[in-house]
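When we follow this note's numbering, the leftmost residue of the sequence shown carries the number 173, and every step to the right adds one.
Yeah, the Cβ is synthetic: ideal placement off N, Cα and C, and Gly gets one too.
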Amino acid sequence: MGKPVKTRIQLCGRLVVELDGRRVEDALPGAKGRLLFAYLVLNRDRRMSRDELLTAVYGEGASPDQHPSLSVLLSKLRSVIGQELLAGRSELELVLPRDAFVDVDAAREALHRAESHVAAGEWAESWGPAGVAYHVARRPLLQGEDRPWLEEWRRRLEDVHLRGLECFAEARLGLGGPTLSQAEDCARRLIELAPYRESGHRILMEALERRGNVAEALLAYDRLRVLLRDELGVAPGPAVQGVHRRLLGERTTTSA
């Protein structure tokens with residue numbers, strides 16, 4: 173059994189900052205300190221200038237006159253997280269231990285593993301990482317804060333959220349049997365969140381088909397067809413069309 177991770181940072185949902193076993197989120201210097209820390213965490217693969225950090229914390233309208241305030245904020249942050257974690261002076265970089273857990277990175281890495289397993293048809297193996305990606309990314313990133321860079325990261329996490337849910341649905345569809353009802357539920361949730369994402373409609377159609385509800389699967393196709401025709405003036409893509417043709421063949425055979 174491996175050693176427990178002593179550095180754990182959770183930016184989605186409730187903010188959690190555990191450094192070398194110490195919980196320090198409540199000691200961060202206010203809302204701006206949380207913004208600064210989150211920006212350093214999310215961009216820790218490179219060095220950042222003080223001008224960049226000033227804009228990240230104080231917004232696009234920040235002026236050079238606010239650099240002293242940023243210096244005070246950085247000093248307070250160093251006192252909380254430790255001098256060794258915040259390297260540099262004119263350019264700064266957050267240096268976390270190699271085994272540090274950061275939820276945003278964990279979600280993105282888990283999504284990559286889940287999609288790789290789905291592509292290989294390894295349904296049972298895809299379930300766990302899909303769950304990590306979905307459950308982490310569905311929680312709001314630094315809720316209550318509003319900065320352009322946060323909105324960009326939120327869009328990325330929304331994509332992780334949807335793709336994680338899609339992997340969940342694909343895995344349950346692939347496993348079949350008692351998990352088909354769960355595949356149907358996930359597909360309906362995916363359609364609700366992203367109605368123009370055809371994969372959700374396709375998974376729903378296939379889940380209904382495998383549960384013996386061919387007529388309902390055909391209705392699901394027709395709802396997508398009408399939506400795309402009325403809103404975008406296009407027809408469903410080849411993957412959905414292929415399922416539809418198969419459903420029509422099954423319906424004809426059953427009727428005969």
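Euclidean distance between Cα positions of residue 219 and residue 276: Start at 1 with the first residue of the sequence shown, and residue 219 comes out as number 47. Start at 1 with the first residue of the sequence shown, and residue 276 comes out as number 104. So the two alpha carbons sit approximately 19 Å from each other.
Sequence-distant residues of the same chain with beta carbon closer than 6 Å to residue 366, five excluded per side: Taking the sequence shown and counting its residues from 1, the one referred to as residue 366 is at position 194. Cβ within range, chain order: 334.
Bounding residues of the alpha helix (DSSP H) (the contiguous stretch that carries residue 386): Indexing the sequence shown from 1 puts residue 386 at position 214. From DSSP, the alpha helix (DSSP H) with residue 386 extends over 386–404.
Continuous alpha helix (DSSP H) stretch holding residue 290: start and end: The count along the sequence shown starts at 1 and reaches residue 290 at position 118. Note, residue 290: alpha helix (DSSP H), 275–291.
Burial state of residue 225 (16 or more Cβ within 10 Å): Counting from one through the sequence shown, the residue named residue 225 turns up at place 53. Result: buried.
The segment 301–308 touching the segment 327–342, judged by at least three CB pairs closer than 8 Å: yes
Residue span of the alpha helix (DSSP H) that contains residue 246, given as start and end: Here residue 246 is taken as the residue at index 74 of the sequence shown, counted from 1. 239–253 is the extent of the alpha helix (DSSP H) around residue 246.
First and last residue of the uninterrupted beta strand (DSSP E) at residue 264: Working through the sequence shown from its first residue, we reach residue 264 at position 92. It spans 263–266 - the beta strand (DSSP E) in which residue 264 sits, taken as one unbroken run.
Pair within 7 Å by beta-carbon distance, residue 199 and residue 252: Taking the sequence shown and counting its residues from 1, one reaches residue 199 at position 27. Taking the sequence shown and counting its residues from 1, one reaches residue 252 at position 80. Yes. Within cutoff.
Length at least 3, wholly inside the segment 176–231: the beta strand (DSSP E) runs in chain order: 180–182 and 188–191
Strand pairing of residue 259, partner residues [DSSP]: For the purposes of this step, residue 259 is taken as residue 87 along the sequence shown, with counting starting at 1. DSSP, once it has assigned bridges, lists 265 as partnering residue 259.
Reference residue 415, options 391, 238 and 214, closest by Cα: By one-based count along the sequence shown, residue 415 stands at place 243. Measuring from the Cα of residue 415, the nearest candidate turns out to be 391.
For residue 243, the nearest candidate out of 233, 257 and 264 (CA to CA): Taking the first residue of the sequence shown as position 1, residue 243 is located at position 71. Considering only alpha carbons, the answer is 264.
Residue burial classification, residue 195 (beta-carbon count within 10 angstroms, cutoff 16): The residue labelled residue 195 in the question sits at position 23 within the sequence shown. Exposed, since its Cβ has fewer than 16 Cβ neighbours within 10 Å.
Assigned secondary structure, residue 347 (DSSP; H/G/I helix, E/B strand, else coil): As a working note, residue 347 is residue 175 in the sequence shown. Three-state DSSP puts residue 347 in a helix.
Counterpart residues of residue 337 in DSSP-defined beta bridges: In the sequence shown, the residue the question calls residue 337 occupies position 165. Its beta-bridge partners do not exist; DSSP assigns none.
Nearest-angstrom Cα separation, counted from residue 383 out to residue 180: Stepping through the sequence shown from its first residue, residue 180 is reached at position 8. Stepping through the sequence shown from its first residue, residue 383 is reached at position 211. Cα to Cα, residue 180 sits roughly 43 Å from residue 383.
Residue 405 classed as buried or exposed, judged by whether at least 16 other C-beta atoms fall within 10 angstroms: Mapped onto the sequence shown, residue 405 falls at position 233. Per the 10 Å Cβ criterion, exposed.
Where residue 314 falls: helix, strand or coil (DSSP): Residue numbering aside, residue 314 sits at position 142 when the sequence shown is read from its first letter. The answer is coil: DSSP assigns residue 314 none of H, G, I, E or B.
Endpoints, the alpha helix (DSSP H) within which residue 361 is located: Walking along the sequence shown from the start, residue 361 turns up at place 189. That run of the alpha helix (DSSP H) goes 352–365.
Enclosing alpha helix (DSSP H) for residue 300 [first to last residue]: By one-based count along the sequence shown, residue 300 stands at place 128. First-last of the alpha helix (DSSP H) with residue 300: 295–309.
Meets three-Cβ-pair contact criterion under 8 Å: the segment 313–333 and the segment 204–212: yes
Exposure label - residue 408; buried when at least 16 CB within 10 Å: For this step, residue 408 is matched to residue 236 along the sequence shown. With 16 or more Cβ atoms within 10 Å of its Cβ, residue 408 is classed as buried.
Helix, strand or coil at residue 235 [DSSP, three-state]: Here residue 235 corresponds to residue number 63 of the sequence shown, with the count starting at 1. Correct three-state label for residue 235: coil.
Length of the line joining the Cα atoms of residue 174 and residue 191: Here residue 174 refers to the residue found at position 2 when the sequence shown is read from its first residue. Here residue 191 refers to the residue found at position 19 when the sequence shown is read from its first residue. Low confidence applies to residue 174: its pLDDT is 49, below 50, so where it sits in the model is not reliable, and the reading given next is rough at best. Their Cα atoms are separated by approximately 18 Å.
Closest residue to residue 215 among 237, 274, 399 and 249 (Cα-Cα distance): In the sequence shown, the residue the question calls residue 215 occupies position 43. Comparing Cα-Cα distances from residue 215 to each of 237, 274, 399 and 249, the minimum goes to 274.
Residue 374 classed as buried or exposed, judged by whether at least 16 other C-beta atoms fall within 10 angstroms: Here residue 374 refers to the residue found at position 202 of the sequence shown. It is buried - the Cβ of residue 374 has at least 16 other Cβ atoms within 10 Å.
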